[in-house]
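Here is the structure we will look at.
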Amino acid sequence: MSETPEFPAGAGPHEPPGSREMAARAAALDAADPLAAVRDRFVLDAAPDHASGDAAVYLDGNSLGALPRTVAGRVADVIAREWGELRIRSWTESGWWTAPERVGDKIAPLIGAAPGQVVVGDSTSVNLFKAVVGGVRMAGKGCTEILVDATTFPTDGYIARSAARMTGLAVRPVEPARIADEVTERTALALVNHVDYRTGRLNDLPGITHALHSAGALAVWDLCHSAGALPVGLDAHHVDLAVGCTYKYLNGGPGAPSFLYLRESLQERFESPLPGWNSHADPFAMDPAYAPAEGIARGRVGTPDILSLLALEAALEVWDGVSVDAVRTKSLALTDFFLECVGVHVPPDRARSVTPYDHRQRGSQVSLECRGAGEVMDELIRRGVVGDFRRPDVLRFGFTPLYTSFADAERAARVLGEVLGALPEVGTGAAGTGG
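Under our numbering, think of the first position of the sequence shown as -4, with each following residue one higher.
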């Protein structure tokens, strides 16, 4: 089967049943879903005024996760009591000082890491810079290049090129599938996206990491579109460094701090290019000479952003009793079902999937190529189906199994079909937002 098939009328990956039966199947799948009750842990939209009883469908968790119900009360308490009453005492009495490592240990099992290897703080871009420059400094002598995923999110490329200029190396873009063939003894490291932000393609983390190590290079992974959506297995696959955002599938809120993973066996060798006072072995000594802290704390820089950090900590409570394996199982079922529904509802020759059908190569989003994606997405949002798009012609639908239902998937495909059927001639659209 082609990985980017056309959707002829009434046919998807296999001959689907009719539209009514798809809605009935969605209801049955939701009734049998072991994660269905987790949806109630989130604040989700009520039905829009123009809808006929259907709740609005949110399929943009790959850009910004929905609000967990635990967050508002926790943030209110942080502001009113910890900041408002305890003030400076909260650094010790409320655990503010240890929050970067504590929250990191909450994220660790979601990405397959043991405690003490993840620290939370700073933006994704800042942590990418730390990881790439720190990785180059740990690389063997004689390295002359950094490999960068040729399909990467632009920031990763910007950071890699800046790091290369600072360290005297060159940057060489390589398609992820070609990294195993292109890495050489001159390669310091490769910076690779686990999931392609545009197409939703899942790259081979175990295989690429092994190939890099076989050549003596380090593996640095960007987990922005996989953390919280599928098993990562950082420790099991001996990843060296990894970075990820927390506002997508981890639902930490807009601008929530990023995380940095540093394999335990490398921590003594890690030399941060941003040696802030918070990563000093004795921060309050105010020593003009820098001495790095032990362990993952050397990944810190400056004063932690406490409000957003503790909002994230509260958001992570939605994972109580939930396994990443169960999330992955539902993710694949949701995206399979959505693709099948698109085959039922979308007019002929109006859209094709650029997301692989092969489960081994699929993240937790479905990207559809169609003409006029900007106007199409605008109309979908107006009708209560929220996704996003990437120029010039890709619609993105992110499936967050913690709160996305099969009914959401069916309704999104049905409304997409209505929109495409009603817009025979569309233009190029406007800009999308988010990562």
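All C-beta atoms, glycine included, are put in the ideal place defined by N, C-alpha and C.
Between GLY379 and LEU307, the gap from beta carbon to beta carbon reaches 7 Å or more.
It is roughly 36 Å from the alpha-carbon of SER253 to the alpha-carbon of ALA22. Closest in C-alpha terms to ASP100, from the list GLY116, VAL33, ALA31 and TYR153, comes GLY116. Contact check for ALA214 and PHE333: beta-carbon distance about 32 Å, past the 8 Å limit, so the pair fails to qualify.
Runs of the alpha helix (DSSP H) lying entirely within the region 200 to 273 and spanning at least 4 residues, in chain order: 200 to 209.
If you draw a straight line from the Cα of VAL131 to the Cα of LEU184, it is about 7 Å long. The alpha carbon of CYS240 has as its nearest neighbour, out of PRO29, GLY60 and PRO396, the alpha carbon of GLY60. By the Cβ rule, the region 295 to 314 does not count as touching the region 152 to 161, because fewer than three pairs are nearer than 8 Å. THR298 carries a coil assignment under DSSP once its states are collapsed to helix, strand and coil. Straight across, the Cα-Cα distance linking LEU105 with ALA417 is about 42 Å. Around the CB of PHE279, fewer than 16 other CB atoms lie within 10 Å, so the residue is classed as exposed. By the CB criterion at 7 Å, HIS232 and PRO283 fall outside the cutoff.
If you draw a 10 Å sphere on the C-beta of ALA224, you find 16 or more other C-beta atoms in it, and that means buried. DSSP, read as helix, strand or coil, puts GLU289 in coil.
For the pair GLU177 and VAL187, the CB atoms are not nearer than the 7 Å cut-off. In the three-state reduction of the DSSP assignment, ASN188 falls in the strand class. For GLU405, the enclosing alpha helix (DSSP H) starts and ends at 401 to 417.
Residues of the same chain with a CB within less than 8 Å of the CB of PRO63, apart from the 5 flanking positions on each side, are ARG36, PHE37, VAL38, ASN246, ALA309, ALA310, GLU312 and VAL313 in chain order. For VAL66, the enclosing alpha helix (DSSP H) covers residues 65 to 72.
Taking a cut-off of 8 Å on C-beta distances, the region 324 to 332 touches the region 400 to 414, as three or more cross pairs fall below it. Every unbroken stretch of the alpha helix (DSSP H) spanning 4 or more residues and falling wholly within the region 317 to 372 is given here in chain order: 319 to 340. Per DSSP, reduced to three states, the secondary structure at THR194 is coil, with no helix or strand assignment.
According to the DSSP secondary-structure assignment, GLY393 is paired through a beta bridge with ASP55 and GLN360. Straight-line spacing of the CA atoms in THR87 and GLN360 works out to 41 Å. In the structure shown, ASP100 falls within a helical segment according to DSSP collapsed to helix, strand and coil. GLU140 carries a strand assignment under DSSP once its states are collapsed to helix, strand and coil. Take the alpha-carbon of ARG34 and the one of THR139: they are about 49 Å apart. Residue burial is scored here from C-beta neighbours: HIS354 has fewer than 16 other C-beta atoms within 10 angstroms and is therefore classed as exposed. For ALA165, the enclosing beta strand (DSSP E) stretches over residues 165 to 169. Here ASP344 is exposed. Its C-beta has fewer than 16 other C-beta atoms within 10 Å. Per DSSP, the continuous alpha helix (DSSP H) segment holding ARG20 begins and ends at 14 to 26. Closest in alpha carbon position to ARG196, among PRO149, THR399, VAL349 and ILE203, is VAL349. If you look at ARG385, you'll find it in the beta strand (DSSP E) that goes 383 to 385. Rounded to whole angstroms, PRO387 and TRP78 show a C-alpha spacing of 46 Å. With a contact defined as Cβ atoms closer than 8 Å, VAL371 and ASP55 miss out at about 15 Å.
Here SER267 is buried, its C-beta having at least 16 other C-beta atoms within 10 Å.
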